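Notes to accompany the following structure.
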Amino acid sequence: MGIFSGLKELGLGDLENSDLFAEEEKAEQQAAEPAQPEETDYIYDKSFTCPVCDKQFMSRVMKTGKAKLVSMDLDLRPRYVGIDATKYDVELCPHCKYAALTRYFTAMTPGQIHLIKDQISDKVKLQPHSEDYYTYEEAMERYKIALVCAMVKKAKNSEKAYICLKSAWLLRGYAEELESKRQLLPQQREELNKQEQEYLQNAFKGFVEAQKSERYPMCGMDEYTMDYLTAALAYEVGELDMASQYVSRLLASMANNRVKDKARDLKELIVAKRKETGN
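Residue 184 in numbering that gives the first Met the number 0 sits at position 185 of the sequence shown, with consecutive numbering throughout.
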């Protein structure tokens, strides 16, 4: 017989099988488990002055050093715990609608400012968003506007290619989020993959063109890192001959061991892909 036997006669029969210490044990267990950080724990609002209209606005940015980097994809997409950093790398002025990757946001010539005011400011209509962080849908809108602005202001090929690369990363992250929530439908997966490939194709094309005329560092990368990235993109879009050429050049260069190790790993993938496809 339990310690609560007989409660039925007192009108408390539904408590006869209760565990006297269950709630306390549950509370102790919850206290022992650290609270999982939210995405908002990794970001903060920062003030920017728009180089086009000179007005101030607030933008959400990722806290430096807060999130832990756990790995990188083949094409150097960083993976952090608790946040997709790519979502927070575009600044968008809500007043004149000028947008750009953070590293390029303030670098504007008078001619470029005129082009943005003439072709962007009065035409772009921003969609309302109410979350206290950037959703993937909102982030993709920001990247699309940044890409259009880069085209309008006649940005360098490397800048346009970098936006395309990060847009591909964003779509990849979006698909992964939907997959983790079991919300990714087959048709949606196919469409997101198709869009990602299109961005990767444009990133590859843009970087190849940029390497013909632009100086290093390019997008913050030195020549060897850019060669590796271009090789990885060539592999991802099926340009195996060009991927092999870039890898061979890297392995014969003065690149550091970290880059050469990544190039060797990529070389193995290229060999495996050739065997798989017969090319």
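Note that CB positions come from ideal geometry on N, CA and C, so glycine has one too.
Note that the structure is a prediction, hence the values are computed from the model and not measured.
When you compare only the Cα positions, how much space is there between residue i and residue j?
i    : j    : result
I112 : S247 : 42 Å
T63  : G277 : 45 Å
Q196 : S46  : 34 Å
I115 : Y97  : 7 Å
A34  : D40  : 12 Å
L191 : A233 : 19 Å
S120 : H94  : 8 Å
S129 : S179 : 23 Å
M217 : V123 : 29 Å
A242 : D53  : 44 Å
T224 : Y173 : 26 Å
S212 : N156 : 9 Å
D131 : T108 : 33 Å
R273 : E267 : 10 Å
Y142 : A251 : 36 Å
E38  : K65  : 11 Å
M71  : V270 : 21 Å
Q55  : I162 : 24 Å
Does the separation of the CB atoms of residue i and residue j fall below 7 Å?
i    : j    : result
V51  : K67  : no
L170 : Q187 : no
L91  : A231 : no
Y215 : E222 : yes
L199 : E235 : yes
A202 : A160 : yes
Which term fits residue i, buried or exposed, when burial requires 16 or more other beta carbons within 10 angstroms of its beta carbon?
i    : result
D260 : exposed
E238 : buried
G205 : buried
D240 : exposed
A106 : exposed
L285 : The structure shown does not extend to residue 285, since the chain spans only 0 to 278, so no value can be given for it.
D83  : buried
E137 : buried
A340 : There is no way to answer for residue 340, as the model of the chain reaches only from 0 to 278.
L164 : buried
K153 : exposed
A254 : buried
Can you give the beta carbon distance from residue i to residue j, rounded, assuming they're within the 8 Å contact cut?
i    : j    : result
D44  : M57  : 5 Å
L75  : L228 : 6 Å
Y135 : E189 : About 17 Å separates the two Cβ atoms, so there is no contact after all.
S166 : L183 : The Cβ separation is near 19 Å, so there is no contact.
Q118 : E140 : Not really, about 18 Å apart at Cβ, beyond 8 Å.
I42  : Y87  : 6 Å
R78  : V69  : 5 Å
D226 : Y245 : 5 Å
Y133 : R59  : 6 Å
W168 : T85  : 5 Å
Self-check item: Secondary structure, beta strand (DSSP E): runs of 3+ residues fully inside the segment 49 to 90
Solution: 55 to 61, 68 to 71, 77 to 79
Quiz item: Which ranges does the alpha helix (DSSP H) cover as unbroken runs of at least 4 residues, wholly within the segment 98 to 145, from first to last along the chain?
Solution: 109 to 118
Exercise. Could you name each continuous alpha helix (DSSP H) segment of 4 residues or more that falls completely within the segment 177 to 256, going from the start of the chain to the end?
Key: The qualifying runs are 185 to 212, 222 to 235, 239 to 250.
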